[in-house]
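Chemist: Residue numbers (our numbering): 850 to 976.
C-beta: ideal position from N, C-alpha, C; glycine also.
Sharing a structure here in structure tokens format.
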């Protein structure tokens with residue numbers, strides 16, 4: 850599932866910034882609830898990315914829908930999300946993605962989640 854944000858071009862991952870002293874596992878639940886109005890089940894981190902410029906850490910989680918939540922029921926719950934769409938995993942590499950994190954991280958996420966179908970990228974450097 851990817852989202853179109855009102856303040857960026859292309860498709861991107863839902864998410865956001867950590868609150869002061871907020872744990873990443875707490876922040877992902879808060880951000881998904883704020884942006885999509887749903888509760889999710891965290892199935893674990895897929896990628897933890899250390900960046901030098903700007904200096905920060907990025908966390909990407911694998912999430913599942915809670916019982917009773919269907920993909921069709923997921924819709925924008927915040928003015929910053931214009932559209933939410935579910936994609937077949939084979940279509941993800943060809944999507945018009947926004948520059949930056951999504952373009953850089955999506956190949957890593959696909960390789961981690963579906964190693965038999967997507968080779969690990971060799972051209973991703975910490976920037």
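Going by DSSP in three states, residue 927 sits in which element: helix, strand or coil?
Modeler: As a first step, residue 927 must be located in the chain shown, where it is residue number 78. It is coil, neither helix nor strand.
Chemist: Reducing DSSP to helix, strand and coil, say where residue 922 ends up.
Modeler: Here residue 922 corresponds to residue number 73 of the chain shown, with the count starting at 1. DSSP places residue 922 in helix when its eight states are reduced to three.
Chemist: Residue 878 bridges to which residues according to DSSP?
Modeler: One-based indexing of the chain shown puts residue 878 at position 29. According to DSSP, residue 878 bridges with nothing at all.
Chemist: Ignore the nearest five residues each way along the sequence and tell me which others in residue 929's own chain have a CB closer than 8 Å to its CB.
Modeler: Position 80 of the chain shown, counting from 1, holds the residue named residue 929. Excluding sequence neighbours, residue 929 sits near 854, 855, 856 and 884.
Chemist: Looking at the unbroken beta strand (DSSP E) that takes in residue 909, where does it start and where does it end?
Modeler: To locate residue 909, count along the chain shown from 1; it is residue 60. Start and end: 905-914.
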